[in-house]
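Enquirer: Questions regarding the structure given below will be posed in turn.
Number of protein chains: 4
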Amino acid sequence: MQEDLKFVVIVGSLRRGSFNAAIADTLPELVSEKVIVERMASLDTFPHYSADIEEEGIPQAVAGMADAIISADGVIIITPEYNHSMPGVLKNALDWLSRVSPQPLANKPVLVQSSSVGKFGGVRAQAHLRQVLGYFDVRLLNKPEAIIGEISEKVTKGILTDESTRQFLIRQLVAFEKFVRAAP
Amino acid sequence: MQEDLKFVVIVGSLRRGSFNAAIADTLPELVSEKVIVERMASLDTFPHYSADIEEEGIPQAVAGMADAIISADGVIIITPEYNHSMPGVLKNALDWLSRVSPQPLANKPVLVQSSSVGKFGGVRAQAHLRQVLGYFDVRLLNKPEAIIGEISEKVTKGILTDESTRQFLIRQLVAFEKFVRAAP
Amino acid sequence: MQEDLKFVVIVGSLRRGSFNAAIADTLPELVSEKVIVERMASLDTFPHYSADIEEEGIPQAVAGMADAIISADGVIIITPEYNHSMPGVLKNALDWLSRVSPQPLANKPVLVQSSSVGKFGGVRAQAHLRQVLGYFDVRLLNKPEAIIGEISEKVTKGILTDESTRQFLIRQLVAFEKFVRAAP
Amino acid sequence: MQEDLKFVVIVGSLRRGSFNAAIADTLPELVSEKVIVERMASLDTFPHYSADIEEEGIPQAVAGMADAIISADGVIIITPEYNHSMPGVLKNALDWLSRVSPQPLANKPVLVQSSSVGKFGGVRAQAHLRQVLGYFDVRLLNKPEAIIGEISEKVTKGILTDESTRQFLIRQLVAFEKFVRAAP
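Residue numbers (the numbering used here), protein chains in the order written: chain S, 852 to 1035; chain W, 852 to 1035; chain C, 852 to 1035; chain F, 852 to 1035.
In structure tokens:
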């Protein structure tokens, strides 16, 4: 019998009505019944990274997220694209997490999703994010890629309602669950 | 007779003893006598970007830096590399600046410099930064590239003292000054 | 009175019925009457780059294209995306051109267009191509970007017939012509 | 008892005296005694990729390399950097391999090494290569990264002789062997 898995979700946008947050909030409906999805706190609880602050100790918000990641079976990062890359606030969170020892994302299964109002679905943000995650030595699911364009037409009242996108994400989440269970 | 030029400098690191800040603080010694160099305030005066905050108006620190950029003849960005990309805090500043209208970096001459304690000098941070600056439609100096490795051995008491690096930057700054003066 | 300009066009695909070639073949209809567009020979006339071959001299096909680029006022590169980057054959052509002295693309105005059958229009190929062109020190038009998805629905009998794409490219070509004429 | 493993090696440069080929030729001395290393044929046996050629069938050289990859336990790609990316000839080989069905690199353990005469060791070529390999859905060893600068000082008579680089590669190859054996 398969054990239950816990996936934690990081959202790259701070906006309350964020489309990416809507995707995050829809994931519990899309995962298998053996998976629990837990959304992490907003990334604005982290200070701007500075080695001077770090010298006084890892901030509590960072340490809390690091602990949650370590105890999770997989991490899902959902991000918009700002100016052809990931949001600074998401990169700042990763910069902090990289300073925690042991580094919580090392060897952790990670799934990436991005969306945008335009047609390209945050593909460039995701390209940069994937490069950065390589440095963190995560176990990244290469495929299938979730790059969701025209997101504003696919979300209703804070939930992803577009049926074909939901079906695609269900398939991606099945692939990710299998990937997590196959972890060496 | 050539007019005086003003270059403003953005430093990607918040650390007080930052090596990149040391490069910034050395630039006034390296530019020609027709150039004034002005270092911008620390990027931690910007909030984390959120469209919710933006709705209440562009924060004062952002508006101030945008004004300084608009009135400058050129912008120099000096950055470390964190986790194979630029620091989140630098990207966050750019995310804010992209929301100011008119966008202050559009068509502005920009020079990029990076440094690292290791051998690769922040080359990957600079690659991401250059991609993002393309989106801002800056006039980017392609070459020569300032990618300064082993920076901790080249800075003494907060000033870049390594002579060959200083000579290289003098040449780069001459090229940038020429590039700025040739602006269409 | 404005002088006539000549733009040369490089197509990244070798396929006879290539959609990118169709875009190239449509450009003469889209440029202003002051612009002549000349399509370069297929890139398969270049050998695979090898320093051993180079030692015997720059191949004739390479030298010919270099001369055409040098005598042109602007260069347009139109490329598909293969495996998240530009085609090897296009990169191989650039690798050869980089060995010609003086390097023909240096300071040359360059316009990039990409297309794909899928939705993302070759955006990742174009990202890599733009990074490489930075190294060539071209004067790259940053914006507007021509990233054309679902190209198979927009081409009829070897000509780009989709009206909104044609109108977009007309605007991009006007911007490029202005960019070329403003060259310092 | 552990089984013997076979790694095949692809070299991104065609030059007979290539430094990257020298690294390839040194690998048999550096791997454990349970590993056989086999260098693939030069990539100039592949034609320039064209869908028109593909329609007549996958070329024999491509099919041969695909078979060798499928029967191998791991693939090592060693590449120089040309113009801030991988050589066109290496990308062309990957473009061909992507057309073989089943795609031979899918889920295959892959190790990347790069070198350059300059200080940056081909880091930008490797960045592009890693992005492309993500699309191939390989199992990429994230770390440690082999980015070898000043290679001309580290090779003697076609063999990598620099002792600290050899020791580093021995450690990387041990990590790769472990990674291959842990394959799910």
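We put the beta carbon where it would ideally sit given N, CA and C, even for glycine.
1) In the DSSP assignment, what are the bridge partners of Tyr933 (chain C)?
2) Report the residue from S:Arg1032, S:Lys959 and S:Ile1021 whose alpha carbon sits nearest the alpha carbon of Asp918 (chain S).
3) For Gly985 (chain F), return the contacting residues in chain S, with the cut-off set at a CB-CB distance below 8 Å.
4) If contact means a Cβ-Cβ distance below 8 Å, which residues of the region 1002-1033 of chain C contact chain S?
5) Roughly how many whole angstroms lie between the Cα atoms of Pro910 (chain S) and Ser952 (chain S)?
6) Does the beta carbon of Lys970 (chain F) sit closer than 8 Å to a beta carbon anywhere in chain W?
7) Applying a beta-carbon distance threshold of less than 8 Å, which residues of chain C neighbour Leu1070 (chain F)?
8) Which residues in chain F sit within 8 Å of Ala872 (chain S), going by Cβ to Cβ distance?
9) So that I know if they touch, is there some Cβ in chain C lying closer than 8 Å to that of Pro1035 (chain W)?
10) Would you call Ser883 (chain S) buried or exposed, if buried means 16 or more other Cβ atoms sit within 10 Å of its Cβ?
11) Which residues of chain S have a Cβ atom closer than 9 Å to the Cβ of Val963 (chain C), listed in chain order?
12) Taking only the alpha-carbon atoms, compute the straight-line gap between Met916 (chain F) and Pro955 (chain F) and give it to the nearest angstrom.
13) Considering only residues of the same chain and omitting the five flanking positions on each side of Leu999 (chain C), which have a CB-CB separation below 8 Å?
14) Beta carbons nearer than 8 Å to chain S: which residues of the region 931-945 of chain W have them?
15) Helix, strand or coil: which one does DSSP assign to Phe1019 (chain S)?
16) Please classify Pro938 (chain C) as buried or exposed, where buried requires at least 16 neighbouring CB atoms within 10 angstroms.
17) For a contact meaning CB atoms closer than 7 Å, what does Asp988 (chain S) contact in chain F?
18) Tell me whether the beta-carbon of Leu984 (chain W) lies closer than 8 Å to the beta-carbon of Ala1026 (chain W).
19) Specify the secondary structure class of Val1031 (chain C) as computed by DSSP and reduced to three states.
20) Within its chain, find whatever has a CB closer than 6 Å to the CB of Ala912 (chain C); leave out the 5 residues flanking it on each side and keep chain order.
21) Within its chain, find whatever has a CB closer than 8 Å to the CB of Val989 (chain W); leave out the 5 residues flanking it on each side and keep chain order.
22) Quick check: the Cα distance between Ile904 (chain F) and Thr930 (chain W), rounded to an integer number of angstroms?
23) Under a CB-based cut-off of 8 Å, is Ala978 (chain W) close to chain F?
24) Tell me whether Ser893 (chain W) is buried or exposed, calling it buried when 16 or more other Cβ atoms sit within 10 Å of its Cβ.
25) In terms of DSSP beta bridges, what is Gly925 (chain F) paired with?
26) Nearest chain S C-beta to Ser949 (chain W) closer than 8 Å, yes or no?
27) Is the beta carbon of Asp946 (chain S) less than 8 Å from the beta carbon of Asn871 (chain W)?
28) Could you name the residues of chain F that Ser967 (chain C) contacts, counting a contact when the two beta carbons are closer than 8 Å?
29) Since Gln982 (chain S) and Ala978 (chain F) are thought to touch, with beta carbons under 8 Å apart, how far apart are those beta carbons, to the nearest angstrom?
30) With distances taken Cα to Cα, identify the nearest neighbour of Glu906 (chain C) among F:Ile921, F:Gly868, F:Leu878 and F:Lys942.
31) Nearest chain B C-beta to Ser901 (chain C) closer than 8 Å, yes or no?
32) From Phe858 (chain W) to Lys1029 (chain W), what distance separates their C-alpha atoms?
33) For Leu856 (chain S) and Thr877 (chain S), what's the separation of their Cα atoms in angstroms?
34) Just to confirm my understanding: we take Leu881 (chain C), look at its own chain, exclude 5 residues before and 5 after, and list those with CB closer than 6 Å. What are they?
35) Taking Gly1000 (chain F) as the query, report the chain W residues whose CB atoms sit under 7 Å from its CB, ordered along the chain.
36) Cβ of Arg890 (chain S) less than 8 Å from any chain W Cβ?
Expert: To lay it out plainly:
1) Listed as beta-bridge partners of Tyr933 (chain C) by DSSP are C:Ser936.
2) S:Lys959
3) Arg981, Leu991 and Asn993
4) none
5) 13 Å
6) yes
7) Since the first and last residues shown for chain F are 852 and 1035, residue 1070 (chain F) lies out of range.
8) What Ala872 (chain S) touches in chain F: nothing, since even the nearest Cβ is about 26 Å away.
9) yes
10) The residue in question, Ser883 (chain S), is exposed, as its Cβ has fewer than 16 Cβ neighbours within 10 Å.
11) Going along chain S, no residue has its Cβ under 9 Å from Val963 (chain C), so there is no contact; the nearest lies around 14 Å.
12) 9 Å
13) In the sequence as displayed, the identity of residue 999 (chain C) is Ile instead of Leu. These residues qualify, in order along the chain: Ile874, Gln964, Ser965, Ser966, Ser967, Gly972, Gly973, Lys1005 and Thr1016.
14) Taking 8 Å as the upper bound on Cβ-Cβ separation, chain S lies near residues Tyr933, Asn934, His935, Ser936, Met937, Pro938, Gly939, Val940, Leu941, Lys942, Asn943, Ala944 and Leu945 of the region 931-945 of chain W.
15) helix
16) By the C-beta density criterion, Pro938 (chain C) is buried, having at least 16 other C-beta atoms within 10 angstroms.
17) Asn993 and Lys994
18) no
19) Here Val1031 (chain C) sits in helix by DSSP.
20) Thr896 and Phe897
21) Val926, Leu956, Ala957, Asn958, Lys959, Pro960 and Val961
22) 47 Å
23) yes
24) buried
25) F:Phe858
26) Interface flag for Ser949 (chain W) against chain S is set, since a Cβ pair is found closer than 8 Å.
27) It is not a contact, given that the beta carbons lie outside the stated cut-off.
28) Here the premise fails: no neighbours, minimum Cβ distance about 13 Å.
29) 7 Å
30) When only C-alpha atoms are compared, the closest one is F:Gly868.
31) You won't find chain B in this structure, because its protein chains are S, W, C and F.
32) 13 Å
33) 17 Å
34) Leu1020, Ile1021 and Leu1024
35) Within chain W, the C-beta atoms nearer than 7 Å to that of Gly1000 (chain F) come from Lys970, in chain order.
36) no
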